[in-house]
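Q:
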Amino acid sequence: MQELSEIRLCAAGELDLEKTFECGQCFRWNRRDDAYIGIVRGRAARLFYRGGDVMIECAAEDIPLWHHYFDMDLDYSAISFGDAGEYFAACEEFGRGIRILRQEFWEALCSFIISQCNNIPRIKGIVESLCQGFGEPLEFRGEIYYSFPGPDILATLSPGELAPLRAGYRAPYIISAARAVSLGELTPEALGSREEAVRALCGISGVGKKVASCTALYGLHDMTGFPIDTWMKRALANHFPEDFTPEVFGEYAGLAQQYIFYYARTNGASS
DNA sequence: GAACAGGCAACTC
DNA sequence: GAGTTGCCTGTT
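Each residue of the first sequence is one higher than the one before, starting from 29 at the first, in our numbering.
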């Protein structure tokens, strides 16, 4: 049993736990009573509010890891998108407190391959089965959790061995991606610029523009990434000019995308 | 039973 | 290159 610390991570206004964990960017944080518990890079943490602060309970030596994961070096309140219209203003207001998490590259790639044509509860279920089946167990607050399995172990599997996940046609995609990453063909270091990264990712069977763009934004923290899925498509068609391009949102377009997506998903794309 | 869900690949023209 | 279709599975 390892020693856990409870420390202040930031002010409550800087990180909205529910929005950040449930806006669709990640799949491994679960609410437990009044807190969220998650596993990242094989390490566990529990986050909750106390007074006006966000508190984190984790191993003391992991504090830098979490600080990085929650992108604490960036002052989100200082980010401005200028005047992008009334609809976007509503999205921005609604999404305030969302932070773009610095997720692991492989986990993001694999999770968003699984996400295609799927809903969040099912994505979470498949990801959880994947972790329980092939991840490493770890103990946290008296319970057992599982790490996200690395590409090396998944690269050795056959689609049949992934069958219990019920991932369907995505199973061979997971394996082909695992092989590419495991062989070193695709590592965050080798991917270079955003355009190069997206192009390289699209070379993997089962990875198209949308999944590549999500992987770049969430797994490489490419904040200019602007994934467009069916929700975004509808929101853009209904509320933005025909000649809209993500560039209008500048270097943090990915955050703007997250605000729009979260608003559209929660309130309906047409409203 | 049919339609659909946070895509993609393969195939058509 | 734009448009169509099948794909596993689960839910409505």
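C-beta: ideal position from N, C-alpha, C; glycine also.
1) Residue 172 to residue 140, Cα distance in whole Å?
2) Please say whether residue 107 and residue 94 have beta carbons closer to each other than 9 Å?
3) Under 9 Å between the Cβ atoms of residue 295 and residue 76?
4) Any idea which residues DSSP pairs residue 86 with across the strands?
5) Which value, in whole angstroms, describes the spacing of the CA atoms of residue 157 and residue 193?
6) According to DSSP, which residues form a beta bridge with residue 94?
7) Is the number of C-beta pairs between the region 270-280 and the region 236-249 that are closer than 8 Å three or more?
8) Can you round the beta-carbon distance between residue 185 and residue 70 to whole angstroms, since I take them to be within the 8 Å contact cut?
9) Does residue 216 come out as helix, strand or coil in the three-state DSSP assignment?
10) Just mark residue 287 as buried or exposed, buried being the case when its beta carbon has 16 or more other beta carbons within 10 Å.
11) Leaving out five residues before and five after residue 253 in sequence, what residues of the same chain have Cβ atoms less than 6 Å from its Cβ?
12) Going by Cα to Cα distance, which pick from 55, 82, 90 and 62 is closest to residue 72?
13) Bridge partners for residue 168 per DSSP, in chain order?
14) For residue 112, name the three-state secondary structure that DSSP assigns.
15) According to DSSP, is residue 55 part of a helix, a strand, or is it coil?
16) For the alpha helix (DSSP H) containing residue 320, list its first residue and its last residue.
17) What does a CB cutoff of less than 7 Å around residue 62 pick up in its chain, not counting 5 residues either side in sequence?
18) For residue 250, which of helix, strand or coil comes out of DSSP?
19) So, helix, strand or coil for residue 38, using DSSP?
20) According to DSSP, which residues form a beta bridge with residue 63?
21) Can you tell me whether DSSP reads residue 81 as helix, strand or coil?
22) Which residues in the same chain have their Cβ closer than 7 Å to the Cβ of residue 181, if we skip the five residues on either side of it in sequence?
23) When you compare each of 197, 31 and 109 to residue 145 by their alpha carbons, which one comes out closest?
24) Throw me the rounded Cβ distance for the residue 214 and residue 229 pair, which I believe falls under 8 Å.
25) For residue 235, which three-state DSSP category applies?
26) Bridge partners for residue 68 per DSSP, in chain order?
27) Excluding sequence positions up to five away, which residues of its chain have a Cβ less than 7 Å from the Cβ of residue 297?
28) When the Cα atoms are used, what is the spatial distance from residue 78 to residue 60?
29) Which value, in whole angstroms, describes the spacing of the CA atoms of residue 130 and residue 149?
A: From the atom records:
1) Rounded to whole angstroms, residue 172 to residue 140 spans 25 Å at the Cα level.
2) The criterion of a C-beta distance shorter than 9 Å is not satisfied by residue 94 and residue 107.
3) In this structure, residue 295 sits away from residue 76, with a CB-CB distance that is not shorter than 9 Å.
4) Assignment of beta-bridge partners to residue 86 by DSSP yields 33.
5) Using only the alpha carbons, I get a separation of about 6 Å.
6) Note: residue 94 sits in no beta bridge, so no partner.
7) No, they do not touch.
8) At roughly 20 Å, the Cβ-Cβ gap does not stay under 8 Å, so residue 185 and residue 70 are not in contact.
9) In the structure shown, residue 216 sits in coil (DSSP, three-state: anything other than H, G, I, E or B).
10) With 16 or more neighbouring CB atoms inside 10 Å of its own CB, residue 287 falls in the buried class.
11) Same-chain partners within the cutoff: 241, 244, 245 and 282.
12) The residue from 55, 82, 90 and 62 with its alpha-carbon nearest to that of residue 72 is 90.
13) Residue 168 pairs with 171.
14) Coil, per DSSP.
15) Under the three-state reduction of DSSP, residue 55 is assigned to coil, being neither helix nor strand.
16) In this structure the chain extends from 29 to 299, so residue 320 is not present and cannot be described.
17) The residues are 76.
18) When secondary structure is reduced to three states using DSSP, residue 250 falls in the coil class, being assigned neither helix nor strand.
19) In the structure shown, the three-state DSSP call for residue 38 is strand.
20) For residue 63, which the question treats as bridged, DSSP gives the partners 60.
21) If DSSP states are grouped into helix, strand and coil, residue 81 belongs with the strands.
22) Beyond the five residues adjoining it in sequence on each side, residue 181 comes within less than 7 Å, by CB distance, of 162 in the same chain, given in chain order.
23) When C-alpha distances from residue 145 are compared across 197, 31 and 109, the shortest belongs to 197.
24) The C-beta separation of residue 214 from residue 229 comes to about 7 Å, placing the pair in contact by the 8 Å criterion.
25) It is coil, neither helix nor strand.
26) Residue 68 is bridged to 71.
27) Take residue 297, set aside five residues on each side of it, and the residues of its chain with a beta-carbon closer than 7 Å to its own are 259, 262, 263 and 266, in chain order.
28) Here the alpha carbon of residue 78 sits roughly 15 Å from the alpha carbon of residue 60.
29) If you take the alpha carbons of residue 130 and residue 149, they lie about 22 Å apart.
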